[in-house]
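First comes the structure, then the notes that go with it.
Residue numbers (the working numbering), protein chains in the order written: chain A, 25 to 304; chain B, 408 to 699.
Structure (structure tokens):
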């Protein structure tokens with residue numbers, strides 16, 4: 025099974041939910057941090073890293089001894105990543121989507137592919153919990169290839185928990201696609217509601233069963249609850265604002281370990297998720 | 408980006424989401440004079456919820472293409488499926504628009520010319536008036552890509568508007584994260600204000616955006632929101648910022664007034680200008696204005 029945590033709005037508590045849920049459930053869980061732009065789960069999990077590799081994307085390299093300057097590569101490329109300029113061919117690797125079109129179209133077989141490194145991928149463990157995360161290099165534009173690498177670490181025989189990046193565009197879609205259940209974390213404020221609606225729009229396009237967790241549930245208004253009722257989306261959990269919780273988070277500590285009453289609440293959240301996932 | 412020398416553009420970013428970018432920028436909107444407001448968080452734009460813009464101009468954002476196979480012409484030869492690196496074509500020869508990268512490889516090689524390649528409308532751009540001045544904002548369609556290009560277009564319109572109206576400031580609300588839309592938001596800006604929070608995550612994420620700003624050689628400033636939730640961590644971040652050469656413009660206390668103001672569709676300055684939180688933001692703005 026795959027449970028993903030997403031939000032629309034940033035900073036609503038995705039990492040809190042993902043890490044605490046994973047640790048509360050213990051062994052047979054595989055936690056994957058797909059927020060490769062700003063990964064934070066490892067701060068809370070403190071895993072022992074057992075594997076590290078670089079993530080790369082295939083980009084074209086042109087052999088000018090073979091190139092006839094016909095310009096077909098430039099013509100097929102939708103991303104302006106390759107161009108014939110005078111008597112040479114320039115490539116712009118940071119614009120390349122690695123579709124392979126230029127290599128395929130080249131009549132002289134002058135194009136091969138080389139690896140362009142974009143980030144790192146690591147796996148590790150913590151008391152039986154399996155953990156995987158990616159980290160995009162600073163200055164890199166495209167997060168999706170690194171996210172795809174993290175998702176290859178999904179283990180079908182385990183409970184996989186994916187921590188997605190904020191928003192509703194390509195990095196989020198790539199993270200949560202093929203998920204069995206999506207937990208949408210929000211806060212009861214106008215910003216939280218607005219971005220929740222965007223996230224619900226996204227899960228409807230992807231047809232993923234979903235439920236809501238309301239964080240800092242006592243700071244704001246009732247409109248998120250009203251919306252959930254109208255849309256018939258279950259509210260799975262409410263976490264009130266509590267200085268103790270905020271301090272625990274700020275130090276990179278887990279609620280289920282520092283404040284033991286939360287362990288049971290996260291196990292209950294899991295049971296609720298499984299129940300709703302089965303229903304739909 | 409072409410810019411008149413006298414127009415200054417400040418982008419508020421954070422790395423980590425939810426640190427208070429939009430609330431801080433909203434407060435600046437109440438304080439700054441002669442400016443254009445710009446919401447570059449096109450994926451989850453929220454500034455409009457406070458400033459209630461009166462939309463005067465609307466424009467479709469068209470970018471990229473999606474492949475569509477015409478079943479009447481398709482002979483199911485399978486070449487497109489073989490060539491597509493994004494696994495976007497099903498065994499029944501239907502293209503999944505979400506998986507389609509718009510690379511056009513299938514379109515180019517289809518021996519039957521059975522694949523259409525229409526331009527996508529992936530969002531909308533708005534030029535509006537608000538009580539705090541003109542505002543340029545956008546909405547990326549749900550599950551769409553090309554956010555970086557929409558950000559660039561939004562900033563370009565804000566810049567044109569500033570020139571046209573002879574306004575010397577552009578205040579831009581940036582997206583969270585580090586990749587495409589963030590890079591598009593900060594490229595060529597006068598400066599970035601990093602709003603962070605005193606948590607290990609906030610510190611970690613700020614470290615990465617400071618490196619990003621350095622990478623693109625954009626002056627970075629910082630402020631620490633909800634500083635009193637962990638004063639020790641606030642001090643750690645301030646020391647870190649100093650060592651990195653990032654001037655700290657101030658601290659903002661944790662205050663539920665920010666949420667109350669948001670619920671009332673007001674900036675913190677409008678809601679309670681004499682509060683400690685409002686005063687803190689005001690001091691940050693004054694320092695920034697004289698630094699930029």
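Positions of the beta carbon are idealized from the N, C-alpha and C atoms, including for glycine.
- For residue 122 of chain A, the closest Cβ of chain B is nearer than 8 Å.
- Take residue 604 of chain B, set aside five residues on each side of it, and the residues of its chain with a beta-carbon closer than 6 Å to its own are 426, 632 and 633, in chain order.
- Contact annotation: the stretch 536-548 of chain B does not touch the stretch 504-524 of chain B, with fewer than three C-beta pairs closer than 8 Å.
- Shown here, residue 657 of chain B sits in a strand according to DSSP, grouped into three states.
- Spanning the alpha carbons of residue 599 of chain B and residue 646 of chain B requires a straight line of approximately 19 Å.
- Excluding its 5 nearest sequence neighbours in each direction, residue 98 of chain A has C-beta neighbours in its own chain below 7 Å: 106, 107 and 108, listed in chain order.
- About 7 Å separates the beta carbons of residue 143 of chain A and residue 164 of chain A, which is inside the 8 Å limit, making them a contact pair.
- Secondary structure in the stretch 163-228 of chain A: the alpha helix (DSSP H) runs of 4 residues or longer, each lying completely within the stretch, are 168-175 and 194-200 in chain order.
- Note that the C-beta distance between residue 522 of chain B and residue 513 of chain B is below 8 Å.
- The shortest C-alpha to C-alpha distance from residue 584 of chain B to any of B:609, B:687, B:443 and B:571 is the one to B:609.
- For the set B:532, B:579 and B:564, the Cα lying nearest the Cα of residue 420 of chain B is the one of B:579.
- Residue 640 of chain B has a beta carbon lying within less than 8 Å of a beta carbon in chain A.
- Secondary structure at residue 650 of chain B: helix, using DSSP grouped into helix, strand and coil.
- Per DSSP, reduced to three states, the secondary structure at residue 613 of chain B is helical.
- Taking 7 Å as the cut-off between beta carbons, the residues of the stretch 203-218 of chain A near chain B are 213, 214, 215 and 218, in sequence order.
- Between residue 76 of chain A and residue 146 of chain A, the gap from beta carbon to beta carbon is short of 8 Å.
- In this structure residue 73 of chain A is exposed. Its beta-carbon is surrounded by fewer than 16 other beta-carbon atoms within 10 angstroms.
- In this structure, the beta-carbon distance from residue 294 of chain A to residue 49 of chain A falls below 8 Å.
- When B:560, B:437, B:552 and B:573 are compared, the shortest CA-CA separation from residue 196 of chain A is found for B:552.
- Exclusion of the five residues before and after residue 432 of chain B leaves 419, 454, 578 and 580 as the residues of its chain whose Cβ lies within less than 7 Å of its Cβ.
- Residue environment for residue 473 of chain B: buried (at least 16 other C-beta atoms within 10 angstroms of its C-beta).
- According to the DSSP secondary-structure assignment, residue 528 of chain B is paired through a beta bridge with B:469.
- Between residue 207 of chain A and residue 56 of chain A the beta-carbon gap is near 14 Å, outside 8 Å, which marks them as no contact.
- Secondary structure note for residue 85 of chain A: its beta strand (DSSP E) is the uninterrupted segment 72-86.
- Interface criterion met: the Cβ of residue 587 of chain B is under 8 Å from a Cβ in chain A.
- Neighbours of residue 245 of chain A across chain B, judged by C-beta separation under 7 Å: 670.
- Judged by DSSP in its simplified three-state form, residue 48 of chain A adopts helix.
- Under DSSP, residue 426 of chain B shares a beta bridge with no residue.
- Counting only residues of its own chain and dropping the five nearest sequence neighbours on each side, residue 241 of chain A has a CB closer than 7 Å to the CB of 212, 262, 263 and 264.
- Judged by DSSP in its simplified three-state form, residue 675 of chain B adopts helix.
- Pairing residue 237 of chain A with residue 227 of chain A, the inter-Cα distance amounts to about 15 Å.
- Following the DSSP letters along the chain, one finds residue 95 of chain A in no alpha helix (DSSP H), marked with neither H nor E.
- Between the C-alpha atoms of residue 225 of chain A and residue 549 of chain B there is a straight-line separation of about 7 Å.
- About 7 Å separates the beta carbons of residue 452 of chain B and residue 545 of chain B, which is inside the 8 Å limit, making them a contact pair.
- Listed by position along chain B, the residues whose Cβ is nearer than 9 Å to that of residue 46 of chain A form an empty set, because the closest Cβ is around 16 Å away.
- Close CB contacts of residue 596 of chain B within its chain, under the 8 Å cut and outside five residues either way in sequence, are with 416, 417, 418, 579 and 625 (chain order).
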